[in-house]
Every structure is written in structure tokens, then in C-alpha cells.
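Notes to accompany the following structure.
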DNA sequence: CACTCATCATTAGATGGTTGAACTAAATAC
DNA sequence: GTATTTAGTTCAACCATCTAATGATGAGTG
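Protein chains in written order, with UniProt numbering: chain A, 1 to 413; chain B, 1 to 413.
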């Protein structure tokens, strides 16, 4: 538990500010000073002082006093997250394009650009230069509008170690890559991470931006734990525990696409046999359903065709999907037994397959996991489905501010 | 990151004391005030004050000043963990017996008792009464010697939820059980946990007792992450991340015995198919090697016979072991890809199978895991092999003190 | 052997974040 | 209009850590 690092009074204030901001973001309704004092355990006196700091630094602003909350007494003045001052930048390079997003602490997308393109077998230097070209103007725009950019994240479709080294991205055809070598990386200093992990972050309500009023997917609370599975050509994943992503020792925890469901199964390109990806990856499914093979099997059109045939009840398609589903369920159950969380969010193209898919998965998983007397397994569809990794990357940037607000206070732009 | 709870000045001191104690325990050589100031980031002044508190409360004592450390200057006065004041109590109920251990903060076993017995199909009330009968005198003895008992742990061979409810222990024939109903539990208030998780804790050098000089297994450092696999009739496991056990949301993370390696494999008693336990559990191996079947397959004698035949090269035994090994490797690789740690500790009866087993596993795993460019997989044998769960349970008790030293200071016994 | 220097440890006073208590503010109940 | 209730502010007091000065104790130096 002990973090092996001492703390002093400045850390104390920084921590308490961080707790307050975190509490505000994760709440689905505006909180007053009094509410925050109760929620965090601070005294009214301290809350009053720290509240003034947050107002001064444009982290929050006061709403109209609200007397409808309680029958008696002076009405409270709730805070909302201020708009227009604190921003995070998200960057993403994917197999089908690249883009950049600027996100306000209050959750609004300030600016965003996405370029569709076939990224396979591209030159990293070229791509980073192009990403630089679209992110530069966005940064400039932020400055012009009076924003302070507090951090950034970079989502990549591959294995990323320590937030700054790409080990490999097979679908891009990229190998090992020290990210510091790119100007863009040195300028913005983003935290790099796997696409699935960034997408998982975007599902956590109130992780680094104000939780939408009403709470988005009301089934998921800000401190829930879940496994996120990102499905595309490859299959990735992430483990979220009590509202924070589990990064692992080297930065690639949650690679569920390469959990094996059959130790004598087909050989995967990763070297193992029977990996989930060989049953439930987009390309594997298209080929199993005999739609097309080879290079054309990776195109999105082939997946659309698979979906049509599956809806029409074509036996080949139905069989392939069923087989993929069995593998998916096996991996989910194994992962739940390994990390002990009760919720699975199924992202990517698999989320298209039928409205009752979640329910079917839920029912079957419930039969399989340990501790089912005490655990109610849930399978949810992602609430942020549009560019989730890009948004997650921006939230990683904003999180730098939330974890360390004091370092950003009381100095110029 | 933010724990959603504010901190005040008392928490600050408590935290810093905790960090200091933690640092002392995890170090393999005695540390002076100056060393500790450097290691924790505290100033010499504060370190001096807090050091005096630790001395006053008999947490540490001063050794002879040591001038051999540096050529120049005043010699430092290193601390060692004091003996005779702070104790934790470990309790265990297993399929083959039950016992109690009292552990000093300095790592010495103050007292311990173990009763061998066949515990299958026993009455919980009876067993808890018997455990009470042997732990009572040990507690009394601690009091007499001037110890302060700071906490306790209870290791159980089954699924434990929230540290105080047994969901099921199949090998005992016990079902759901609220542990508060037992006198012993109410009196000592132990944290209950799965046997494998407790055993995993005991492998962490300096987790809650002073790290042995020289460091025990020098390959394992106190802040390493690893997966511990406990093998017996059933197979359990635990995930340790950066020196602390990952308990999971309900308290049963790491149940690797019920990770499936073949979704069409034999049906396991847990309801799934192809669980590791059906390939590599003690009973499964004995039956696969055609030694005996049925109830007699669970006896330790059958496992001894399996070991003899395997050593002699009997084909049935060798095949069974190889098959078990394949399953084990598959689960290890999947678990590593899921939680991203690079070390596996293989505990229980599997650790008997040959001196080069670890090396063989290491070599094969290295071929299978993702990120093998950046990760060196290690397979280790447990350094604490005698009653590891019992010792781990006692360390859980001591950890209460280490996490919260201030609450134990400055008041009577 | 006196002097310098480096390192360890303590002491005194300063700094600064949180606190408790008293106070002001603003609403409803009767 | 007065009592009551809840929200929020003010300020002296507290206390944990920090800075800086000082004491302690050894080795090196000429």
C-alpha cells in the first residue's frame, strides 16, 4: 500500500485539490461546497478555501444558488466544471487513419480532425509528420482561445511499452520504434498507449472530464471495474479496476486477443496456438465464413458482407459467428476468474451483432465464472463508440492536470 | 489515482511513518536515518523526529555505529527491526490439517502449531472450535511476553469474498459460510483469504516482516510483480503487483485453476470445460497416469507413487506430466498476457518435478508471450515452502500495523 | 597534533495547510 | 417577527514538515 515516497504539506494540498476535482468530475449532479466537504471528508473551512482556489484558476464556476435541494436553510451554490480553460490533446494512429482531438475538462470536444487513410505498410516518419501537421493548428487554436493544454495521449494499434516505445504494430507493418525520435512526440510529450486501453478509459464516466448529466450509461458507475474488449482485425483489451486502467508492469496488460482457448488450436501470428484472435478477429471470421481470403479479407467491406449473411441466416456465417462467440465467452470467463471483475464491455465491430448479444453473453458467462453466488456478471456495450481511443487519449492528457492540479496553478499561460 | 478521500496532517505523519517502516522491512541491509531520509525523500530533521518515535515505540532499535560504510565523516547508526513487541497471528484451515502461527515483525516465528488431520466433510463449528483451542494459548503467551498483537489473517482452501465470507470450499465439503458467526473470528477479527493468495504474500521479501539479510531468493525483489500458482488437488493462484497482492473486486483474483486451456476439454466440477485443474491438479494427474481412481486418488500417497513412476520414466506418468505441463504453460502465457507481469512462482506439489522444470518452463514461455522483445520471463520456485499460507496469513495481520502505525502508538498494551 | 573536510544527527525557529469555533448569509416554518 | 436550519466565511490556533544553523564524530593532511 505504502507508495515508498514520503509526502509533505504541499503534497497534502495537491492531493486534496485532486480529490475535490475528481469528486466533481465523477458526480452525475452538481455539487456545492457543503456536498464536497461531506463527500471528501474535508472541513467546511478548508473546502471554502480550496473552492476559492478552484474558482480563481477557472477549474469550476458557481451556478445559480439552488433552494430546491433541501426544504430548509440557505440555498447551496453548486459548482460546475468551467469551460474554456483546461484542455487535453488526444492523438491516434490506427490502421484506417489518424487524427487529433482537443478535449475540454468539461467534456466538450473543442476541436477534432480525422483523416481516413489506409495506413498499412506506411513510413512512420511520414505519418508522424502528417499527424504533426494536423495537430499543430489545433494546438495553436487552443492557445488563441485562452486554453492551457495540460497533457496529451497517443493511441497506437500495437504493443506499447512504458508509454514511449512501440514494440510492434503488425497491422501497420511497423516494428520497434522509440517514439522520442519524432518531433511531435518531443513537443507534446504524450503518454503513448495501446488503442484498447485508451478506448477503455473513454468508457469510464467522469475519468478526466465531467460526467454527463444523467451519467451516460447509467449501468456503469465511475468507480466500477470492468474488462474492455476491443475487436477489429486484431483483438485487444484492457482491465479497468475501480475506475483506473491497470497498465501492467510494462504497459500492455489486458491483451486478451492472445489468450488461448485451445492449446491445440490454429497457430496464431503471435506464435501461440488457439488465440482468441484466430477465432473472433475480423479477418479470421471473414475467412471462416468463406467470404474472401487473403489480403482482401481485411477490408471493412468483407465484414459488412459477413454481417449481411449472418443476418440472413447463412449457415457459414452463423457457424463462424457462433464459433467466435464460444471463444469470446471462454476468454471472458478466464479473464474474469483471473482478475476478478464482474463487468465486460464489448467494443469494436462485435458490438454490431444483434441487440440481444449482451444478454446472451451475460447468461452464458453467469454459468461459467467462479463465485457466481456472489457475483452478478454484466456485459455492456460501449457508451462512447465514436473514436473512443482518440477521446481516451485526450483524457489521459487531462488526467495529468487532475492528478497534479497545484503544479498548474498560479502561473501564466 | 486519487483515492477520493482527503488527507490531513495526522494522515500525513501516519503515511510517512508507514513509508519509513515499509522501506526498512523491504531493505536487505540495515538503514540509518540518513539512508532513510534519502530513500523516502524526507528531510534529515523530520527523519530524526520520526526515528525517535519508532525507537520509543520499539519498532526499531539502534545498532552499533558503523564506519565501514563510507570513508569519511561521522559513522551512521543503522536501525534494525526490534524484536519482542509487535506480532501478527496467522490461522489456516486446509484439507490436511489446521494451525496457528505467531510472527514477530522482525520475521522470527514466535510460536506455531499445526495439527495434521483429514478435514474432508468436517463440521465447520467443530473445526473453528479446535482452532480456537490452539490459538487461545498462543495469544495468551504473546501477551505474557509483552507482545502487542496488531492483526491476523485466516487462510482457507476455497473462495473467500470480502475477507469475511467463505463462498465454498469443495475439498472441505463446506458451502457458504458467514465467518462472523464463529467466536474465534469475532475475537481476532482476521482478514480471511484464499490459501494461494496468502501463500503468495509469504513469497514477497519484506512484505510485512524484515527481509532476511541477503534477501532470501535474490532473484525476487520486494517490489517485483509475479503470478503465484498454488498446486495441489485444486489449483489456485494469486497476482502480485509491485509488491502487493491484487485482491480483485470480490476478493478472489488469480483463480488460475479455472482458466480454460481447451474450450472442448473435459468438464470441470466448476462447470466449465478444459480448466487447468482437470489437466494439472494432483488428482487429475494421478488418474491420468492410471495409478488409482476415485476417492483414493486424492491421497498424498498416490502422488508419491506418481512421482516415483515419473522419475523411473514410466510412459503413462511421463505422458500425464507432459500433458499437465502443456496446460500449465498455456495458462501461464495467457495470464501473463492478461496482467502483464514477467515472473511466475510455481508453488505446491508441482515444484517437486525436477530441478530443471523452472528452466524448461521459462524457455517455452519466452516463445509464447507478447512483448517478448521487452520482457524476460522468469519462472521461480517458492522461497518460503513450509506453511507458506500460514506465514502469509500472519503477515496480513502485521500489515495492518505497517499501514497504520500511528493508531498503535502511544497507548497501553 | 592541530586543522580541514565529509557525513551523520539534532535543535530552533519558520512555513504553511488544515482545523474548530464563532460568525455572517439566506432561506423556511410558524 | 422570531426561531430554526443549512451554506459558507473568517481567523486564531495547531501541528507536521522544512530550512538553516549547530553539534558530533570520524578520516585525511602536513
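We treat Cβ as the ideally placed atom computed from N, Cα and C, and that holds for glycine.
- In the three-state reduction of the DSSP assignment, residue 209(B) falls in the coil class.
- When secondary structure is reduced to three states using DSSP, residue 168(B) falls in the strand class.
- Taking a beta-carbon distance threshold of 8 Å, residue 29(B) does not count as an interface residue toward chain A.
- As a beta-bridge residue in DSSP terms, residue 94(B) pairs with 97(B).
- For residue 326(A), the residues of chain B that pass the 8 Å Cβ criterion are 263, in the order they occur in the chain.
- Proximity to residue 238(B) across 314(B), 259(B) and 219(B) peaks at 259(B), based on C-alpha coordinates.
- Between residue 113(A) and residue 134(A) the beta-carbon gap is near 5 Å, inside 8 Å, which marks them as a contact.
- For the segment 52 to 81 of chain B, the set of positions with a beta-carbon nearer than 8 Å to some beta-carbon of chain A is empty.
- Setting aside the 5 residues that flank it on each side, residue 227(A) is surrounded in the same chain by 237, 238, 239, 240, 254, 256, 332, 335, 336, 339, 341, 343, 344 and 345, each with a C-beta closer than 8 Å to its C-beta; the list follows chain order.
- In the DSSP assignment, the residues bridged to residue 32(B) are 78(B).
- From the beta-carbon of residue 363(B), no residue of chain A is found nearer than 7 Å; the closest lies around 13 Å away.
- Under the Cβ criterion of 8 Å, residue 238(B) is not counted among the residues facing chain A.
- Assigned with DSSP and collapsed to three states, residue 362(A) falls in helix.
- Contact annotation for residue 15(A) against chain B: 7 [CB-CB distance below 7 Å, chain order].
- Between the alpha carbons of residue 36(B) and residue 150(A) lies a gap of roughly 34 Å.
- Taking the CA atoms as reference points, residue 401(B) sits about 52 Å from residue 132(A).
- Between the segment 259 to 275 of chain B and the segment 348 to 356 of chain A, the count of Cβ pairs shorter than 8 Å is below three; the stretches do not touch.
- For the segment 316 to 349 of chain B, the beta-carbon criterion of a distance under 7 Å to any beta-carbon of chain A is satisfied by 326, 327, 330, 333, 334, 335, 337, 338, 339, 340, 341 and 342.
- For residue 255(A), the chain B residues whose Cβ falls inside 8 Å of its Cβ are 337, 338, 340 and 370, in order along the chain.
- Listed along chain B are 367 and 368, each with a C-beta nearer than 8 Å to that of residue 271(A).
- For residue 145(B), the secondary structure class from DSSP, reduced to helix, strand or coil, is coil.
- Assignment of alpha helix (DSSP H) within the segment 14 to 60 of chain B, counting only whole runs of 4 or more residues, yields 33 to 40 and 44 to 56 in chain order.
- For residue 40(A), same chain residues with a beta-carbon under 8 Å away, outside a window of 5 residues either side, are 16, 19, 20, 23 and 47 in chain order.
- Along the segment 33 to 46 of chain B, going in chain order, the ones with a CB nearer than 7 Å to a CB of chain A are 40, 41 and 42.
- Nearest to residue 145(B) by C-alpha distance, out of 166(B), 180(B) and 84(B), is 84(B).
- For the segment 370 to 394 of chain A, the residues whose beta carbon sits under 7 Å from a beta carbon of chain B are, in order, 370, 371, 373, 374 and 375.
- About 7 Å separates the beta carbon of residue 383(B) from that of residue 220(B), a gap short enough to meet the 8 Å contact definition.
- Sequence-distant partners of residue 286(A) (beyond 5 residues in either direction) whose C-beta falls short of 7 Å from its own C-beta, in its chain, are 292, 297, 302, 303 and 306.
- At a cut-off of 8 Å between beta-carbon atoms, residue 135(A) makes no contact with chain B.
- Think of a sphere of 7 Å around the beta carbon of residue 252(A): the chain B residues whose beta carbon falls inside it are 340, 370 and 371, in chain order.
- About 17 Å separates the beta carbons of residue 93(B) and residue 102(B), which is beyond the 8 Å limit, so they are not a contact pair.
- Neighbourhood of residue 290(B) in chain A, by CB distance below 7 Å: empty, with the nearest CB roughly 22 Å away.
- In the DSSP assignment, residue 343(A) falls within the beta strand (DSSP E) that extends over 343 to 348.
- Within the same chain, Cβ atoms closer than 7 Å to the Cβ of residue 57(A) are found at 409, the five residues on either side in sequence being excluded.
- Across the set 385(A), 206(A), 96(A) and 68(A), the C-alpha of 96(A) shows the shortest separation from the C-alpha of residue 119(A).
- Under the three-state reduction of DSSP output, residue 241(A) falls in the strand class.
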